[in-house]
């Protein structure tokens with residue numbers, strides 16, 4: 075008998091709560107949590123810290139690394155939650171190369187609420203409303219056929235509970 079496992083992308087622009095909600099989701103599911111930001115190259119971190127948005131070329135190796143992590147956990151049949159902006163459909167398609175059955179939780183919010191959250195966040199390399207505006211301009215929001223969309227106006231636990239309810243129960247066994 076085998077326990078079902080899940081590979082999940084928690085996506086959205088900076089300030090939406092990807093890391094916090096992703097961590098709570100992983101705890102709820104008994105999954106490993108990875109913050110995609112931890113896998114940015116030092117050059118990408120320096121670029122963002124200076125207030126310069128990343129471009130597609132900057133994100134290329136990073137997305138490949140995250141897709142490889144999804145593939146590794148899929149091969150081991152172990153649940154994994156990764157927090158990653160996943161701004162464009164082609165980025166999400168690239169991540170699906172690691173697991174074609176990748177499930178996506180999209181955290182959406184107004185620019186005002188996102189900026190308010192960013193302004194209260196300390197110690198993060200992502201800086202300013204210019205970079206948020208750049209991410210919002212790049213964002214290709216997933217439709218309901220691609221992702222479970224959740225408003226960040228809800229509490230993190232409400233989001234986790236609602237999304238987890240859409241998954242096959244992790245405790246269910248297959249014969």
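In the numbering used here, the protein residues as written are 75 to 249. For glycine and all other residues, C-beta sits at the position ideal for the given N, C-alpha and C.
Under the assumption that residue 148 contacts residue 172 (Cβ atoms under 8 Å), give the Cβ distance between them as a whole number of angstroms. 7 Å
Taking the alpha helix (DSSP H) that residue 233 belongs to, which residues open and close that run? 230-238
Please report the straight-line C-alpha distance between residue 82 and residue 223, rounded to a whole angstrom. 13 Å
Can you tell me where the beta strand (DSSP E) holding residue 179 begins and where it ends? 177-182
So the beta strand (DSSP E) residue 155 belongs to, where does it begin and stop? 154-157
Could you give the distance in angstroms between the alpha-carbon of residue 129 and the alpha-carbon of residue 237? 30 Å
Any idea if residue 198 is buried or exposed, counting beta-carbon neighbours within 10 angstroms, 16 or more meaning buried? For residue 198, the predicted model reports a pLDDT of 48, less than 50, meaning its position is unreliable and no value from the coordinates is stated.
Residue 161, DSSP secondary structure in three states: coil
By DSSP's criteria, residue 167 is part of a beta bridge. Which residues make up the other side? Paired residue(s): none; residue 167 is not in a bridge.
Can you tell me where the beta strand (DSSP E) with residue 84 in it begins and where it stops? 81-85
Smallest Cα separation from residue 141: which of 158, 92, 100? 158
What residue range does the beta strand (DSSP E) around residue 108 cover? 106-109
Could you tell me how far apart the beta carbons of residue 206 and residue 96 are, in whole angstroms, since I believe they sit closer than 8 Å? Going by Cβ atoms, the distance from residue 206 to residue 96 rounds to 19 Å, so no, they are not a contact pair.
Would residue 133 be called buried (16 or more neighbouring beta carbons within 10 Å of its own) or exposed? buried
Of all the options 234, 112, 226, which has the alpha carbon lying nearest to the alpha carbon of residue 184? 226
By Cβ distance, which residues of its chain are closer than 7 Å to residue 170, with the 5 residues on each side in sequence left out? 176
Taking the continuous beta strand (DSSP E) assigned at residue 223, which residues delimit it? 222-225
Just how far apart, CA to CA, sit residue 153 and residue 139? 17 Å
Residue 186 versus 79, 168, 80, 87, residue with shortest Cα-Cα distance: 87
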